[in-house]
Amino acid sequence: MSKSFFSIGQPSHGISFNKTQSSSFLRHSAQPPQTSEREEENHMASSTSISLILLLIAVVAGASSATTFSDENPIRTVVSDALLRDFETSVLKVIGHCRHALSFARFAHRYGKSYETPEEMKLRFSIFSENLKLIKSHNKKKLSYTLGVNHFSDWTWEEFRKHRLGAAQNCSATTRGNHKLTDEVLPNSKDWRVTGIVSPVKDQGHCGSCWTFSTTGALEAAYKQAFGRAISLSEQQLVDCAGAFNNFGCNGGLPSQAFEYIKYNGGLDTEEAYPYTAKDGACKFSFENVGVQVLDSVNITLGAEDELKHAVAFVRPVSVAFQVVDGFRSYKDGVYTSDTCGKTPMDVNHAVLAVGYGVENGIPYWLIKNSWGGDWGDNGYFKMEMGKNMCGVATCASYPIVT
-4 MSKSFFSIGQ PSHGISFNKT QSSSFLRHSA QPPQTSEREE ENHMASSTSI
46 SLILLLIAVV AGASSATTFS DENPIRTVVS DALLRDFETS VLKVIGHCRH
96 ALSFARFAHR YGKSYETPEE MKLRFSIFSE NLKLIKSHNK KKLSYTLGVN
146 HFSDWTWEEF RKHRLGAAQN CSATTRGNHK LTDEVLPNSK DWRVTGIVSP
196 VKDQGHCGSC WTFSTTGALE AAYKQAFGRA ISLSEQQLVD CAGAFNNFGC
246 NGGLPSQAFE YIKYNGGLDT EEAYPYTAKD GACKFSFENV GVQVLDSVNI
296 TLGAEDELKH AVAFVRPVSV AFQVVDGFRS YKDGVYTSDT CGKTPMDVNH
346 AVLAVGYGVE NGIPYWLIKN SWGGDWGDNG YFKMEMGKNM CGVATCASYP
396 IVT
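Counting in my numbering, the sequence shown runs from -4 upward without gaps.
See the structure below:
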């Protein structure tokens, strides 16, 4: 059985969970992926490493949120927080006064990182240093987009791909789309955010549930457009209950199949009634808590960016998918382009939401809402070059019709 979108996401500030869930979830997934070496290191941990852990936790918890941080060159930062300086000192004692050491300390502080042993910290510092070099090297080229430090910067690409990405399922429903083009003149740009129908950026966490966030994002926009009221819908219901429609919970799925599930299920519960846990669970759907129903869904013909642009211009935000390749995880701003990503249904591995389009510095782009939190990329969004079906952005596109 082939699996669909295995997606990625990391908790960050502004997640729309309830307080108890958010606190627990942040503690769980602020850590880098566990490695086999960690199990050996746990047995070697001394009282010194335990003290270090406690210091890291205490400092991160008590540090001021007003501290500034430069993603491009995080070492050049004015630091006035005494706790942060103490944190930096504790990190430098472990990894030494070497290049990128202070940048790493400030990165770990900002993103709430804690490492179980000094050896683990040294490993993550080495990975961070390599990623920072790549970020700076890319940005020196002055291309159409820039990279920056984020919460994935102490992960290797192999770890990122293993824990956040995976094989995609053939979205055959889009080989013949049913979106109808018209003769209307397309506007030069579109941004559905200015109309107020696009819901806030969420964070999928340590669960390959990108497809559920793409689905709810499209539905939340459609609901606000149709009824004039904001709503937050349950990703967790899709994780737990939509398996019969060729979806696989935290191991991936397709928005088009999710729309079909909701249509035949009789609705999707609200987020409040069925909150997100970022893990597979038993289905707890209750018709009494339905927030939206789906009358039908519309598919964009595979690769047809003209259809996708028409839909985004005149209908509403559209669920899309694309292939994430190394480098994209560090996206900061600008128009993303790649000559290494694929375009076929078997290449795409991450589902998102197209909310607009435009032109920046002469390059046409798609404006896309991600599900990796509001502090990733450009406030949770990114721009991708339009006109080349870049990374398969028009390969698996669809939108719902709600009632």
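Ideal Cβ positions, reconstructed from N, Cα and C, are used throughout, including at glycine.
Distance between beta carbons of residue j and residue i, contact taken as under 8 Å
{"i": "V315", "j": "A268", "result": "Their Cβ separation, rounded to whole angstroms, is 28 Å, which puts V315 and A268 out of contact at 8 Å."}
{"i": "G278", "j": "C245", "result": "The question names Gly, but residue 278 in the sequence shown is Cys. Wrong, their Cβ atoms sit about 14 Å apart, outside the cutoff."}
{"i": "V354", "j": "L214", "result": "Rounded, the Cβ-Cβ distance is 29 Å, inconsistent with contact."}
{"i": "A273", "j": "C166", "result": "In fact, because the Cβ distance is near 24 Å, the residues do not count as touching under 8 Å."}
{"i": "V320", "j": "H345", "result": "No, V320 and H345 are not in contact; Cβ-Cβ is about 10 Å, not under 8 Å."}
{"i": "N241", "j": "Q231", "result": "The Cβ separation is near 19 Å, so there is no contact."}
When the options are compared against residue i, the one with the closest alpha-carbon
{"i": "G322", "options": "L78, G107, V144", "result": "V144"}
{"i": "S209", "options": "L181, A392, V397, I90", "result": "A392"}
{"i": "W371", "options": "M385, D198, Y256", "result": "D198"}
{"i": "F377", "options": "G298, D291, N384, T141", "result": "T141"}
{"i": "T169", "options": "Y352, D342, T296, V196", "result": "T296"}
{"i": "S124", "options": "R101, G276, G337, S148", "result": "S148"}
{"i": "H305", "options": "H92, C236, L176", "result": "L176"}
{"i": "P270", "options": "H146, G286, K219, L181", "result": "G286"}
{"i": "L138", "options": "L181, A96, G329", "result": "G329"}
{"i": "E115", "options": "S98, V89, A96", "result": "V89"}
{"i": "P195", "options": "S204, F282, S227, K157", "result": "S227"}
{"i": "D291", "options": "E300, F317, E255", "result": "E255"}
{"i": "W152", "options": "R119, V343, P113, D301", "result": "R119"}
{"i": "G276", "options": "E300, G369, F243", "result": "F243"}
{"i": "H158", "options": "K117, G247, G212, D342", "result": "G247"}
{"i": "C386", "options": "D342, L97, D373", "result": "D342"}
Residue i versus residue j - alpha carbon distance
{"i": "W150", "j": "L127", "result": "11 Å"}
{"i": "P312", "j": "W187", "result": "7 Å"}
{"i": "V388", "j": "G223", "result": "29 Å"}
{"i": "R94", "j": "S121", "result": "11 Å"}
{"i": "I130", "j": "Y331", "result": "14 Å"}
{"i": "S229", "j": "W206", "result": "12 Å"}
{"i": "E380", "j": "V293", "result": "23 Å"}
{"i": "E111", "j": "H104", "result": "15 Å"}
{"i": "A217", "j": "G107", "result": "35 Å"}
{"i": "T390", "j": "D178", "result": "23 Å"}
{"i": "S333", "j": "A77", "result": "42 Å"}
{"i": "A308", "j": "N183", "result": "9 Å"}
{"i": "I358", "j": "G172", "result": "27 Å"}
{"i": "D264", "j": "P250", "result": "16 Å"}
{"i": "A100", "j": "K136", "result": "27 Å"}
{"i": "C336", "j": "V189", "result": "31 Å"}
{"i": "Q288", "j": "P395", "result": "10 Å"}
{"i": "V347", "j": "Y259", "result": "23 Å"}
{"i": "G375", "j": "H92", "result": "34 Å"}
{"i": "I52", "j": "K364", "result": "Caution is warranted here: a pLDDT of 39 is assigned to I52, below 50, making its placement in the model unreliable, and no coordinate value can be reported."}
{"i": "S41", "j": "F102", "result": "Below a pLDDT of 50, predicted positions are generally treated as unreliable, and S41, at 41, falls in that range; no measurement from the model is reported."}
{"i": "L233", "j": "H174", "result": "25 Å"}
{"i": "A400", "j": "N284", "result": "In the structure displayed, the chain extends from -4 to 398; residue 400 sits before or after that span and is not available."}
{"i": "I81", "j": "R324", "result": "For clarity, residue 81 is Asp in the given sequence; the question names Ile instead. Looking at the two C-alpha atoms, the distance is approximately 30 Å."}
{"i": "T15", "j": "G261", "result": "Confidence at T15 is low in this model, with a pLDDT of 33, below 50, so the placement of that residue is unreliable and no value is reported for it."}
{"i": "N134", "j": "Y326", "result": "11 Å"}
{"i": "G298", "j": "W361", "result": "14 Å"}
{"i": "W367", "j": "L303", "result": "23 Å"}
{"i": "G191", "j": "K219", "result": "8 Å"}
Identity of the residues DSSP links to residue i by a beta bridge
{"i": "D186", "result": "G351"}
{"i": "W401", "result": "Lying outside -4 to 398, the shown extent of the chain, residue 401 is not represented and no answer is given."}
{"i": "P113", "result": "Its beta-bridge partners do not exist; DSSP assigns none."}
{"i": "Y394", "result": "V293"}
{"i": "K378", "result": "V330, L362"}
{"i": "V193", "result": "Partner(s): none; V193 has no beta bridge."}
{"i": "D373", "result": "Y376"}
{"i": "G287", "result": "The question names Gly, but residue 287 is Val in the sequence shown. Note: V287 sits in a beta bridge opposite L263."}
Contiguous alpha helix (DSSP H) assignments of at least 4 residues, all confined to the stretch 302 to 365: none
Continuous alpha helix (DSSP H) assignments of at least 4 residues falling wholly in the stretch 220 to 280: Runs found: 230 to 236, 250 to 260.
In chain order, each beta strand (DSSP E) run of at least 3 residues that lies wholly inside the stretch 94 to 142: 140 to 142
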